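Student: For reference, each letter of the sequence shown is one residue, going 4 to 119 in this note's numbering.
My questions will all concern the structure given below.
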Amino acid sequence: QVQLVESGGGLVQAGGSLRLSCAASGNIFRIARINVMGWYRQAPGKQRELVATITRGGSTNYADSVKARFTISRDNAKNTVYLQMNSLEPEDTAVYYCNGFEGDYWGQGTQVTVSS
């Protein structure tokens, strides 16, 4: 099995920054087969939405709402994916989840709260 563990969430004022991390552990063969890693978020009363994805080769994709503010990156040697979030807005408040597409692995989520 593969476990994804997120960290780095918290409470921040609007305009501030946070860096989320997601570390994969478990079956190394299954981890090696994960090409696309992503971050999703779910705000209260809303559906889970894509924030950003990154391939093992470094190709990235972002939701329009976070482009130019968020940066996804990945350290394949550490089996870790990051999400640098700058210029945070109250609308970014949500539980952020890490995802491994190949295998449909999900983390438990980390809360990000942005106060106005």
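We put the beta carbon where it would ideally sit given N, CA and C, even for glycine.
As the structure is a computational prediction, the values presented were derived from the model and not from experiment.
#1: Out of PHE32, SER28, ILE34, PRO47, which has the shortest C-alpha to C-alpha gap to TYR99?
#2: Give a yes or no on contact between the segment 26-36 and the segment 5-13, applying the rule of three or more CB pairs nearer than 8 Å.
#3: Three-state secondary structure (DSSP) at PHE73?
#4: Alpha carbons only, please: which of SER118, LEU53, GLN50, ILE34 is nearest the one belonging to LEU91?
#5: If we ignore side chains and look at the alpha-carbon of each, how far apart do THR63 and ILE75 end up?
Tutor: On the basis of the supplied data:
#1: What you label residue 99 is simply residue 96 of the sequence shown in a count that begins at 1. Of the candidates PHE32, SER28, ILE34, PRO47, the one whose C-alpha sits nearest the C-alpha of TYR99 is PRO47.
#2: yes
#3: Along the sequence shown, read from residue 1 onward, the residue named residue 73 stands at position 70. Strand at PHE73.
#4: Reading the sequence shown from its first residue, position 88 is the one you call residue 91. Ranking SER118, LEU53, GLN50, ILE34 by Cα distance to LEU91 puts SER118 first.
#5: Residue 63 sits at position 60 when you count from the first residue of the sequence shown. Residue 75 sits at position 72 when you count from the first residue of the sequence shown. Cα to Cα, the separation comes out at about 7 Å.
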